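Here is the structure we will look at, set down as structure tokens.
Quick look at the structure:
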């Protein structure tokens, strides 16, 4: 078991022939991911990385029946690409691209929810289920099949959490980067629900950061709904107020969204806090080791 | 990206929102002519900085002669205005807004933000204006209304009526507000705002609604759609190192400590700052060098970090994912040679080809402390910074 993706997932890559998509699709295929084709308008009928290229998602759906879309198109075109995938009823849409305008995301998110589909990202590393499928830009080699589910708002911090849980022998069931934007397609809560129901997952690592109230909302949810142990690290304890720390969503605004507030709220809900970035693996070990 | 009040008012006017007759001046010599052009006998002069709290700091004044406007401009242009929202150095006053004086009957509050919880543009309005809205929210929450605009169906008249009722508007004012509400949403959506605030929105002596203030923040991700707004950027209001970094597409925030940080990934960059603090040190900055840490990017990053005279050591923390650490190591070596780094550099390389990367650093002849775990690298940096 795992969440969202496995070796049966049929992946369609949007923006397939672009340089980023090419680089990462090659690595995903090498990892064993079942990429069934890609979409680049105007290049339909050709092949790329030995996979068929289509002019539209609708054409691809007819020919290859994908059940996941992985989007690499530039930020100005993400709204269109996500809505195109949604229009074809693709149930899992992952958008890697950084820099999507927030107002575009308000519309996209509302539409996705209305249609009952699932969007991960944008501005995220994607999803991986070790040894089965890699839909994203994370380095496959640091992962190991195992029992920790990882959810994170940041790419490279996810890798730290992965490496520490791999080094200690726990491995991961699946890892999901939900992205660093203010309006993400999926929340911590959405992923906590899936990991809590996943038989293979024994503990959940949630890597949060300053800004917004996603961690506080997750804390409320965990208290009442999550039976598995949750370990959390919150980045940005030294971040100043009012400054955007790289990610569009990582900003302490009006005194709200500080690391200290998030940590105390999570502790109240029984979440195990890693006291520093270096202690994520050790904290997992203390809880389930 | 933030705009000045005078720029905000210009946009308000373009979207049919009522603002005072105004002129903006960048030179004290222009003051008298500006007052005469506006006409009347009373004006308000306002120092333009990207910060609130200007009135209490002496940056806003009611005047009764054009000469006073000139004196005010003389006093403030090129000087720094310190308010409770600025740091101790204050913000440079780069322009003066002069506008006709409005007789006020009542002060109200109106703002709109992108609300993460409701995932919509949310209007916040209160019958208590001209004061700190956070205070109103905590003391008299019944005087505030929150109204979410549905991203798909847009603003509806019933929502304007609900806001009018909390604002205590009469039927004529409510009718005026209904139109203004549509225009505020239009402005917000068409120009990709992230925040809009009118504090105060007033009822003037003629019983009409009038925007005495105009604060606008823009969504940086959407600036590619608005080249004319990009031109409104005022670099004098930004930290010079932060604007320099932005030119090179690097995300940088300066902090008070003495350990310079260069990290790939925003989350890890924050995590690295926290780790330095954990071992008793103080980070000098946040810097995300990006997923593709090429030699050029690393060189630029070193230059920006070292422009801070407080920096005693630089900690480079790279988790090579897709990017190979050997390529990054070559970039670091070349950048150090290119920039002429004169403080100790501690490098932690992890991930893809990390060992090869460390070997390249060791063989390069440049003085670099290469450690492959973050704990040792952070501890070493803290020790060297003492």
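Protein chains in written order, with the working numbering: chain E, 32 to 320; chain C, 15 to 400.
We put the beta carbon where it would ideally sit given N, CA and C, even for glycine.
Here the structure is a predicted model, which is why all the values come from computation and not from measurement.
Put simply, the backbone Cα of residue 274(C) is about 43 Å away from that of residue 38(E). Chain E places no beta carbon closer than 8 Å to that of residue 15(C), leaving this residue out of the contacts. Chain E places a beta carbon closer than 8 Å to that of residue 267(C), counting this residue as a contact. DSSP lists no beta-bridge partner residue for residue 398(C). If you check each beta-carbon in the stretch 255-286 of chain E against every beta-carbon of chain C, the ones closer than 7 Å belong to 266, 267, 268, 269, 270, 271, 274, 276, 277, 278, 279, 281 and 285. Of 181(E), 127(E), 272(E) and 85(E), the smallest CA-CA separation from residue 227(E) is found for 181(E).
Interface flag for residue 140(E) against chain C is set, since a Cβ pair is found closer than 8 Å.
As a beta-bridge residue in DSSP terms, residue 284(E) pairs with 287(E). For residue 59(E), the nearest beta carbon of chain C is not closer than 8 Å to its own beta carbon. Excluding the 5 residues flanking it on each side, residue 156(E) has same chain C-beta neighbours closer than 7 Å at 167, 168, 169, 186, 189 and 208, in chain order. Inside the stretch 87-170 of chain E, DSSP marks whole alpha helix (DSSP H) runs of 4 or more residues at positions 88-95, 109-118 and 133-146, from first to last along the chain. Spatial neighbours of residue 254(E) in its own chain (CB-CB distance under 6 Å, excluding positions within 5 residues in sequence) are listed in chain order as 300. The beta carbons of residue 314(C) and residue 264(C) sit about 6 Å from each other, so the pair counts as a contact at 8 Å. Note on geometry: alpha-carbon atoms of residue 286(C) and residue 43(C) lie some 50 Å from one another. The C-beta of residue 213(E) comes closer than 8 Å to at least one C-beta of chain C. Looking only at 28(C), 226(C), 308(C) and 205(C), the smallest Cα-Cα distance to residue 120(C) is reached by 226(C). If you draw a straight line from the Cα of residue 205(C) to the Cα of residue 315(E), it is about 46 Å long. Burial check for residue 167(C): the Cβ neighbour count within 10 Å stays below 16, so the residue is exposed.
For residue 316(C), the uninterrupted alpha helix (DSSP H) segment begins and ends at 309-320. Contact of residue 244(E) with chain C by beta-carbon distance below 8 Å involves 130 and 131. Between the alpha carbons of residue 93(C) and residue 107(C) lies a distance of about 6 Å. In terms of beta-carbon proximity, residue 71(E) stays away from the interface with chain C, with every pair separated by 8 Å or more. Within the stretch 149-170 of chain E, contact with chain C at the beta-carbon level (separation under 7 Å) is assigned to 168, 169 and 170.
Taking residue 284(E) as the centre and dropping the five residues before and after it, the same chain places no C-beta closer than 6 Å to its C-beta.
Between the stretch 116-124 of chain E and the stretch 74-86 of chain E there are fewer than three C-beta pairs closer than 8 Å, too few to call the two in contact. Distance from the Cα of residue 156(C) is smallest, within the candidate group 207(C), 180(C), 164(C) and 137(C), for 180(C). Proximity of the stretch 98-113 of chain E to the stretch 123-143 of chain E meets the contact definition, three or more beta-carbon pairs being nearer than 8 Å.
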